[in-house]
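Numbering of the sequence shown is given in full-length UniProt numbering, commencing with residue 1 and proceeding in unit increments.
All residues carry an ideal CB built from backbone N, CA and C; glycine is no exception.
Small disclaimer: the values here were computed from a predicted structure and weren't measured.
Everything on this sheet refers to the single structure shown next.
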Amino acid sequence: MTLKTNIGNDSFDSCMMNASGVWCSTVDELEALVKSKAATFVTKTATLAPREGNPLPRVHHFGPNSINSSGLPNEGIDYYLAALANFEATHPNRAFFLSVTELAEDQIETIMQRVHQSDYHGLVELNLSCPNVIGKPQVGYDFETTARILDRTFSYFDQPLGVKLPPYFDVSHFDQMAEILNRYPLTYVNSINSIGNGLVIEQDAVTIAPKQGYGGLGGAMIKQTALANVRAFYTRLKSDIAIIGTGGVTSGRDVFEHLLCGASMVQVGTALLQEGPAIFARLEEELKAIMDEYGYTSIDDFKGKLKNTI
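Right, here's the structure in full:
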């Protein structure tokens, strides 16, 4: 039995990894992921300069769920490029992901040029979907701006590139975004980021400090929205654009369902934050048990094969 999968031209021994923002801010955290059963890692979303992020407390857990308004805290693009250079040198047969974004269109071009001109030639994820930067909308909800950014980026960028999308809730939005994404030689689409601007109340008060308590929702409660988005894009995008499914994964069954909807890789966020990198060994064991029950020997036996009738 194998959990091998491919994203573009890169092959991975497993189909599970961290979600950007979780266990990936420092070299030590990335090293822990490399030593775990995770297939690979994606870095914290990097900006041109380091960012402290929003005021504390900015993350709150409730059961298997979370709300956060972190505000893109990170060590800056140069830190992650240097870290990746070391990881590529010490693990020459493994592929990694670098996540990047910026807060304005011209800055996005600047950071993408910075990556393009660097010695890093691995997978890159352009985050179009952070819901927690105060005063800044999510680019992924502005279809015109998204197309303009991708037009500019692909005029020079020749590395394997994916985009991380916010959740969509309207069929017309699935159609519109898929039409835009299909214009470009994207390697993958990552769906979804947290569901923005939720509000969690405990003891008659908000639970996080930034934005009057509003924050991105994650964890088990967002799985059904994540699955819907994964399926919607799997059935709309060109076959050479892989899907990374993110959202609501707490068990091997959740991983199985993401794959069934069409994901080639599955990312873990809130549950990883709660359980630590050892979660990947548990998820692998649970997924293999489900596959064994069905008689599957690889994820290709069932990937994307969700039944549309009861």
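**OP:** Evaluate contact between the stretch 296-304 and the stretch 248-268, counting only Cβ atoms and requiring at least three cross-stretch pairs below 8 Å.
**Re:** They touch, by the three-pair rule.
Subject >> Inter-residue Cα distance where the pair is T235 and V59 >> reply: In a straight line, the C-alpha of T235 is about 34 Å away from that of V59.
Subject >> Reduced DSSP secondary structure (H/G/I, E/B, other) of M291 >> reply: Helix, per DSSP.
Subject >> Beta-carbon proximity list for A242, same chain, < 6 Å, skipping 5 on both sides >> reply: Result list for A242: I7, Y188 and S264, in chain order.
**OP:** Mind checking which residues open and close the alpha helix (DSSP H) that includes A178?
**Re:** Residues V171 to L181.
Subject >> Span of the beta strand (DSSP E) around L123 >> reply: From DSSP, the beta strand (DSSP E) with L123 extends over L123 to N127.
**OP:** Go to I7, then tell me how far its alpha helix (DSSP H) extends in each direction, as first and last residue.
**Re:** Element bounds for I7: not the alpha helix (DSSP H) but the beta strand (DSSP E), T5 to I7.
Original post:
For Y184, which of T207, D175 and T153 has the nearest alpha-carbon?
Top reply: In this structure, T153 is the residue among T207, D175 and T153 with its C-alpha nearest to the C-alpha of Y184.
**OP:** Output the distance between the C-alpha atoms of L30 and D142, rounded to the nearest integer angstrom.
**Re:** Rounded to the nearest whole angstrom, the CA to CA distance from L30 to D142 is 32 Å.
Original post:
Since K35 is in the alpha helix (DSSP H), which residue starts that stretch and which ends it?
Top reply: Secondary structure note for K35: its alpha helix (DSSP H) is the uninterrupted segment V27 to K35.
Subject >> Contained alpha helix (DSSP H) runs [length at least 4] in the stretch 22-91, N- to C-terminal order >> reply: 27-35 and 77-90, all fully within the stretch 22-91.
Original post:
According to DSSP, is E102 helix, strand or coil?
Top reply: Three-state result, E102: coil.
Subject >> N- and C-terminal bounds of the alpha helix (DSSP H) containing V133 >> reply: Run containing V133: none; DSSP gives neither H nor E here.
Original post:
So, is G218 buried or exposed, given that buried needs 16 or more other C-beta atoms within 10 angstroms?
Top reply: Per the 10 Å Cβ criterion, buried.
Original post:
Should S68 go down as buried or exposed, given a rule of 16 or more other Cβ atoms within 10 Å for buried?
Top reply: Note that residue 68 is Asn in the sequence shown here, rather than Ser. A residue is called buried when at least 16 other Cβ atoms come within 10 angstroms of its Cβ; N68 meets this threshold and is buried.
Original post:
In whole angstroms, what is the alpha-carbon distance linking V268 and V249?
Top reply: The alpha-carbon separation between V268 and V249 amounts to approximately 6 Å.
Original post:
What residues match up with T246 in a beta bridge as DSSP calls it?
Top reply: In DSSP, T246 forms a bridge with Q267.
Subject >> Completely contained beta strand (DSSP E) runs for the stretch 138-213, where each covers 3 or more residues >> reply: Secondary structure within the stretch 138-213: the beta strand (DSSP E) runs of 3 or more consecutive residues, fully enclosed, are 161-165, 188-191 and 195-199 (chain order).
Subject >> Beta-carbon gap between I290 and R231 smaller than 8 Å >> reply: In this structure, R231 does not lie closer than 8 Å to I290 by Cβ.
Original post:
Which residues bound the alpha helix (DSSP H) around D300?
Top reply: For D300, there is no enclosing alpha helix (DSSP H), since its DSSP letter is neither H nor E.
Original post:
With which residues is D10 paired in a DSSP beta bridge?
Top reply: Its beta-bridge partners are I7.
Original post:
With a Cβ-Cβ cutoff of 8 Å, do T2 and T297 count as a contact?
Top reply: Yes, the Cβ-Cβ distance between T2 and T297 is below 8 Å.
Original post:
Counting Cβ pairs closer than 8 Å, one from the stretch 113-126 and one from the stretch 93-104, do we hit at least three?
Top reply: With a cut-off of 8 Å, the stretch 93-104 and the stretch 113-126 count as touching, because enough Cβ pairs lie within range.
Subject >> CB of A178 within 8 Å of CB of F256, strictly >> reply: No.
Original post:
Based on the DSSP output, what are the partners of L217 in its beta bridges?
Top reply: Answer is I67 and I195, bridged to L217.
**OP:** Pull up the distance between the alpha-carbon of L56 and that of I310, whole angstroms please.
**Re:** Roughly 47 Å separates the two Cα atoms.
**OP:** Label E75 either buried or exposed according to how many other C-beta atoms from any shown protein chain fall within 10 Å of its C-beta, with 16 as the threshold for buried.
**Re:** Classification of E75: buried, given that the 10 Å Cβ count is 16 or more.
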